[in-house]
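Single-structure report; data block below.
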Amino acid sequence: MSAITRDEVAHLARLSRLALTGDELDHYATQLDAIIEAVAKVAEVAAEDVPPSSHALPLTNVFRADEVRQSLTPELALAGAPAVEDDRFRVPRILGEEA
129 MSAITRDEVA HLARLSRLAL TGDELDHYAT QLDAIIEAVA KVAEVAAEDV PPSSHALPLT
189 NVFRADEVRQ SLTPELALAG APAVEDDRFR VPRILGEEA
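First residue of the sequence shown? That's 129 in our numbering, and the numbers climb one at a time after it.
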């Protein structure tokens, strides 16, 4: 028996505002069912004595130390910009914002 139905996929599509065809609903229902089955298999294998982890190996700080380095000047950074205003990239106005 499938863990997810075509109607459930249609409901999720409506919530996500996605217009899916009947074939797409069937296709995604099959794919989501396979994903749910795979997760269920992992849940069966997971032993109580195995602690949850995000990596196979323990990690320590993987970030490099911050250091000041030379970077582009404002003139060089803006040299290839199609439009510049007040030493900044000029971009089109969006969402009807006022100046």
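No residue lacks a Cβ here, since even glycine has one placed at the ideal position from N, Cα and C.
Am I right that residue i and residue j are in contact with their C-beta atoms under 8 Å? What's the rounded C-beta distance?
i, j, result
"R218", "A211", "4 Å"
"I132", "L160", "5 Å"
"D215", "P202", "5 Å"
Whole angstroms is fine: what's the gap from residue i's alpha carbon to residue j's?
i, j, result
"H183", "L148", "36 Å"
"R197", "E172", "51 Å"
"V167", "R145", "26 Å"
"D177", "V170", "15 Å"
"H139", "A157", "11 Å"
"E136", "G224", "37 Å"
Nearest by alpha-carbon distance to residue i: which of the options is it?
i, options, result
"L200", "E165, F191 and G208", "G208"
Which residues in the same chain have their Cβ closer than 8 Å to the Cβ of residue i, if we skip the five residues on either side of it in sequence?
i, result
"I163", "none"
Which same chain residues end up closer than 7 Å to residue i when comparing Cβ atoms and leaving out the 5 residues on each side of it in sequence?
i, result
"R134", "L153, D154 and A157"
Between residue i and the rest of its own chain, which residues show a CB-CB distance below 6 Å, the 5 nearest in sequence each way excluded?
i, result
"P186", "none"
Checklist entry - Which runs of the alpha helix (DSSP H) fall wholly inside the segment 129-168 and span at least 4 residues, in chain order? => result 134-143
Checklist entry - Hey, which unbroken runs of the alpha helix (DSSP H) at 4 residues or more fall wholly within the segment 181-215? => result 202-206
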